[in-house]
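In this note's numbering, the protein residues as written are 674 to 962.
Every residue, glycine too, gets a C-beta built ideally from N, C-alpha and C.
Below is the structure:
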């Protein structure tokens, strides 16, 4: 199974002009990625005028509506990671710097409740991320998990560190997250676990036995982690959220090109690429409508 993360919140068009920014561009990029072989489309949105990350429902709605009304069959996965950034103020670290986005759990999942995608991400741990702190306090994670569960959306448990998997186990045991679960092992993110085979093996082994897991590596680690995941029985995520290059020194012309490269690796290694329908069945999802 292939997931494609289209734009994220960190990369910018000045680093790669092909990065989709407007709702129309993001939707078109997702549709092309699905045609290339991605079963799951992971979506962040941006302000179309500034290119800055956004949490606006109107942008999410436009992207989702465009993909759902297209001819492709794709599983939509909306992020809930926005609204967790904290930058301490220079004069008083207890006061947030203007670059902070920290907000309530309800606001972080408002678009999920409104649009009811088949999947949404759920980040399970607080960590340093670049020069800011990514805050996911346990009570906030629990509140979000309950609301996501009650909305009938499957959470993709994003784990950046082994300790995050221990919290995932607690959420499953408490019933906040239903079993069988879905996890995304995130590797190579600054402040998180490194993108190495040893790390992937260790984190995979901590997951519940019935957990379906995907993984990705950032930057130059994207495609080596695709191959490593196949060897370990996992599934893969690629896309411009995590990596802007198709090869060393060669900017990716599109998200579809990154998916196509992942498809080639999968097929060379003797595996088949799952369709959206097959992925939906494997994850126990129901197609909207």
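Per DSSP, the unbroken alpha helix (DSSP H) holding residue 874 starts and ends at 870–879.
Annotation: the continuous alpha helix (DSSP H) that includes residue 843 extends over 835–847. Just so you know, the alpha carbons of residue 939 and residue 765 end up roughly 51 Å apart. Annotation: the continuous beta strand (DSSP E) that includes residue 806 extends over 805–807.
In the three-state scheme derived from DSSP, where H, G and I count as helix and E and B as strand, residue 717 is classed as coil.
When the beta-carbon positions are compared, residue 811 and residue 828 stay at least 8 Å from each other. C-alpha of residue 825 to C-alpha of residue 808: approximately 25 Å in a straight line.
With fewer than 16 other CB atoms across the displayed protein chains lying within 10 angstroms of its CB, residue 941 is exposed. Counting C-beta atoms within 10 angstroms of its own C-beta, residue 874 has fewer than 16 neighbours from the protein chains shown and is therefore classed as exposed.
Taking every protein chain shown into account, the CB of residue 895 has 16 or more other CB atoms within 10 angstroms, so this residue is buried.
Taking the Cα positions, residue 709 is about 41 Å away from residue 770. Closest option to residue 753, judged by alpha-carbon separation, among 721, 723 and 790: 790. Around the beta-carbon of residue 692, 16 or more other beta-carbon atoms lie within 10 Å, marking it buried. The C-beta of residue 923 has fewer than 16 other C-beta atoms within 10 Å across all chains shown, which makes the residue exposed. Distance check between residue 904 and each of 718, 781 and 944 places 944 closest, using alpha-carbon atoms only. Nearest to residue 795 by C-alpha distance, out of 760, 762, 759 and 840, is 840.
Across the set 803, 961, 804 and 797, the C-alpha of 797 shows the shortest separation from the C-alpha of residue 833. DSSP places residue 802 within a strand segment (E or B) once states are collapsed to three. A check of alpha carbon separations from residue 707 across 890, 747 and 731 identifies 747 as the nearest. In the structure shown, the three-state DSSP call for residue 772 is coil. Ranking 761, 783, 784 and 684 by CA distance to the CA of residue 773 puts 761 first. One alpha carbon belongs to residue 815, the other to residue 745, and they sit about 34 Å apart.
The Cβ-Cβ distance between residue 782 and residue 713 does not fall below 8 Å.
DSSP, read as helix, strand or coil, puts residue 691 in coil. One alpha carbon belongs to residue 937, the other to residue 953, and they sit about 22 Å apart. The C-beta distance from residue 677 to residue 711 rounds to 4 Å, short enough to meet the 8 Å contact threshold. In this structure, the straight-line span from the alpha carbon of residue 697 to that of residue 736 is close to 7 Å. Around the CB of residue 863, fewer than 16 other CB atoms lie within 10 Å, so the residue is classed as exposed. Secondary structure at residue 702: helix, using DSSP grouped into helix, strand and coil. Taking C-beta separations shorter than 6 Å and ignoring five residues to either side along the sequence, the partners of residue 907 in its chain run 886 and 888, following chain order. In the DSSP assignment, residue 919 falls within the unbroken beta strand (DSSP E) covering 918–920.
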